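What follows is a short report on a single structure.
There are 2 protein chains.
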Amino acid sequence: MNRIDSVNNEKIKYAVKIATSSSRRKEDGLFFLEGLRLCRDAALTGVKIRMAFFTEKAYEKNQEDALFISEKAEESHLVSVPVANKMSLTENSQGFYCLCENTGVLSEKDIDVKGKYIALENVRDPSNLGAICRTAEALGINGVILCGCCDRYSPKSQRAAMGSLLRLPVTLTDNLPKTLLRLKEQGMKLYATTPDENASVITKSDMTGGAVSVIGNEANGVTNETFAVCEKLTIPMKGRAESLNASMAAAITMWEMMR
Amino acid sequence: MNRIDSVNNEKIKYAVKIATSSSRRKEDGLFFLEGLRLCRDAALTGVKIRMAFFTEKAYEKNQEDALFISEKAEESHLVSVPVANKMSLTENSQGFYCLCENTGVLSEKDIDVKGKYIALENVRDPSNLGAICRTAEALGINGVILCGCCDRYSPKSQRAAMGSLLRLPVTLTDNLPKTLLRLKEQGMKLYATTPDENASVITKSDMTGGAVSVIGNEANGVTNETFAVCEKLTIPMKGRAESLNASMAAAITMWEMMR
């Protein structure tokens, strides 16, 4: 295995660029993962790993995982501690880093119209995006439709997603209402949650069969255009907390859909 | 109103000390809040405000709120921008700061045995603690029992709680199993969630009547001693996400309890 000792090595500079620049990620179709678990998840899921980097300590301590990852990677490098520190975005880096190719997306026509999906509209916080996808996978949601959200390939999103974003089928759209209407024509139910007390209470709705639940922006909720094509549901609230935060509301909505 | 221009002013140094030192908070029975909304919530809830600080800009922009807070505060000060920056723990500070006296706690014997409570055991992440309390209040939980958790008065906890920690009745214990057993003797049901598939599925349990649900530590879950006195419940999981994160699991558990 090659060894990289210089923080000025072109490969390291490139990995840092991908880790920190959303526009560069988009341009090159690559993303950066950090941590034993995420790197192993990428290898297990069949994500194409362009380069893998390990510190010597990490390699020795977790030889089986490191070997498995390096077998799947196009190229692998041992890196010095200063080089690892240059790539680390978190405080407790475990000495595992991968530069990966973007995962595939599921086209709209391959959505299983008998399945359960969530659509995230303008979710801007990468930790929310990741946490919602983690919950979606844990609860058995079939896939995620994204419209106008933050970069799902950012290290923050990937970290909060705990690997779920490497596995969950993702469909992209830049016109969510139109996509939703086409799915409705094929028999899917469409839901959007709102703090509006006049909406139907979520527990009273029959959520069986194929369905999509829309989760809106953290501050502004679901757009009017999207609301217009969905059945509005509300999670009954008490107390003075203005509302549940986006990821908690999403968890309860997905739970009710899968219950 | 007094004006403080020096970052070396003793009151400012003291406020910063309280904001940043958990042991000092404990010793002096005080905590620090930042942000218009939290400071207004404190004044609205009747929290004793020892000192309030406003930047001139904040005071002019939100005069009604600033007046209301300063009426409730024992003393109020206008502060310069450098002084405000010294006190600010977040990037987008709104120029509102309060030094408050600890809120009261609810003694164990005042717990409403017909009500719904959550017990947090060794929850260590202040953002989790805050987020769980925010959800608890939104869903109408009667109160929170804390054992071995991180400091609920830390600015991080208070921020994530969005004011709910100023309002929710809090009961403290250093022996959760004993506390729970005493509540059980008075007819309360006790639940603890676990990823263990052999536990009863949460949707199958009759959660009506007075009940306490225990949420455990982020990494290690509920302790064996506490499990021993509770009915074990599980949230059925699919996919490869190892488990829901602590605050998502708590949200679903509370939702089922209140449903």
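Chains as they are written, first to last, in our numbering: chain A, 2 to 260; chain B, 2 to 260.
Think of the CB as a built atom: it goes at the ideal place given N, C-alpha and C, for glycine as much as any other residue.
Bear in mind that the values here come from a model prediction, so they are computed numbers and not experimental data.
Buried versus exposed, by CB contacts within 10 Å (16 or more), residue i
{"i": "B/Glu-65", "result": "exposed"}
{"i": "B/Arg-26", "result": "buried"}
{"i": "B/Glu-257", "result": "buried"}
{"i": "A/Val-124", "result": "buried"}
{"i": "B/Gln-187", "result": "exposed"}
{"i": "A/Asn-221", "result": "exposed"}
{"i": "A/Val-80", "result": "buried"}
{"i": "B/Asp-175", "result": "exposed"}
{"i": "A/Asp-42", "result": "buried"}
{"i": "A/Arg-4", "result": "exposed"}
{"i": "B/Asn-199", "result": "exposed"}
{"i": "B/Gly-83", "result": "At residue 83 of chain B the sequence reads Pro, which differs from the Gly that was named. Per the 10 Å Cβ criterion, exposed."}
{"i": "B/Lys-73", "result": "buried"}
{"i": "A/Thr-204", "result": "exposed"}
{"i": "B/Gly-210", "result": "exposed"}
{"i": "A/Val-202", "result": "exposed"}
{"i": "B/Gly-30", "result": "exposed"}
Residue i at chain E interface by Cβ criterion, 8 Å
{"i": "B/Leu-140", "result": "In the structure shown, chain E cannot be found, because the protein chains are A and B."}
Close-in-space but distant-in-sequence residues of the same chain around residue i (CB under 7 Å, 5 per side omitted)
{"i": "B/Met-163", "result": "Arg-135"}
{"i": "A/Asn-218", "result": "Glu-122, Asn-123, Val-124, Arg-125"}
{"i": "B/Leu-173", "result": "Val-106, Leu-147"}
{"i": "A/Ser-94", "result": "Glu-35, Ala-85"}
{"i": "A/Leu-166", "result": "Gly-131, Cys-134, Arg-153, Ser-158, Gln-159"}
{"i": "A/Arg-168", "result": "Thr-46, Glu-138"}
{"i": "B/Tyr-60", "result": "Ala-67, Leu-79"}
{"i": "A/Val-8", "result": "Pro-83, Val-84, Lys-87"}
{"i": "B/Asn-129", "result": "Glu-219, Ala-247, Ser-248"}
{"i": "B/Thr-180", "result": "Glu-109, Ile-146, Thr-174"}
Same chain only: Cβ atoms within 8 Å of residue i, ignoring 5 sequence neighbours per side
{"i": "A/Met-259", "result": "Lys-117, Leu-140, Gly-141, Ile-142"}
{"i": "A/Glu-92", "result": "none"}
{"i": "A/Ala-212", "result": "Lys-117, Tyr-118, Met-189, Lys-190, Leu-191, Tyr-192, Met-258"}
{"i": "A/Ala-250", "result": "Thr-194, Ile-216, Ile-236, Ser-244"}
{"i": "A/Leu-182", "result": "Val-230"}
Proximal chain A residues relative to residue i, where beta-carbon distance stays under 7 Å
{"i": "B/Leu-245", "result": "Thr-136, Ala-139"}
Within chain B, the residues that residue i reaches when beta carbons sit closer than 8 Å
{"i": "A/Thr-204", "result": "Arg-260"}
{"i": "A/Ala-132", "result": "Asn-246, Met-249"}
Proximal residues of chain A, C-beta to C-beta of residue i below 8 Å
{"i": "B/Met-88", "result": "In chain order: nothing, as chain A lies at least about 25 Å away."}
{"i": "B/Ile-253", "result": "Ala-252, Ile-253, Trp-256"}
Amino acids of chain B, ordered along the chain, whose beta-carbon sits closer than 9 Å to that of residue i
{"i": "A/Lys-239", "result": "Glu-138, Ala-139, Leu-140, Gly-141, Ile-142, Met-259"}
Residue(s) in a DSSP beta bridge with residue i
{"i": "A/Arg-4", "result": "A/Leu-79"}
{"i": "B/Ala-139", "result": "Paired residue(s): none; B/Ala-139 is not in a bridge."}
{"i": "A/Leu-184", "result": "BP columns for A/Leu-184 are empty, so no partner."}
{"i": "B/Glu-198", "result": "Per DSSP, none; premise fails for B/Glu-198."}
{"i": "B/Ser-214", "result": "B/Ile-119, B/Tyr-192"}
{"i": "B/Ala-161", "result": "B/Ala-161 is not bridged to any residue."}
{"i": "B/Phe-55", "result": "B/Leu-79, B/Phe-97"}
{"i": "B/Thr-172", "result": "B/Ile-146"}
{"i": "A/Gly-222", "result": "A/Asn-218"}
{"i": "A/Phe-32", "result": "A/Cys-101"}
{"i": "B/Ile-50", "result": "B/Ala-74, B/Cys-101"}
{"i": "A/Lys-233", "result": "A/Ala-193"}
Residues of its chain near residue i, where Cβ-Cβ distance is below 6 Å and the 5 sequence neighbours each way are ignored
{"i": "A/Ser-77", "result": "Met-2, Ala-53, Ser-71"}
{"i": "B/Ser-214", "result": "Ile-119, Tyr-192, Thr-254, Met-258"}
{"i": "B/Pro-178", "result": "Glu-226, Thr-227, Val-230"}
{"i": "A/Asp-152", "result": "Ser-23"}
{"i": "B/Glu-75", "result": "Arg-51"}
Cβ contact check for the stretch 102-116 of chain B and the stretch 223-236 of chain B: 3 or more pairs under 8 Å: no
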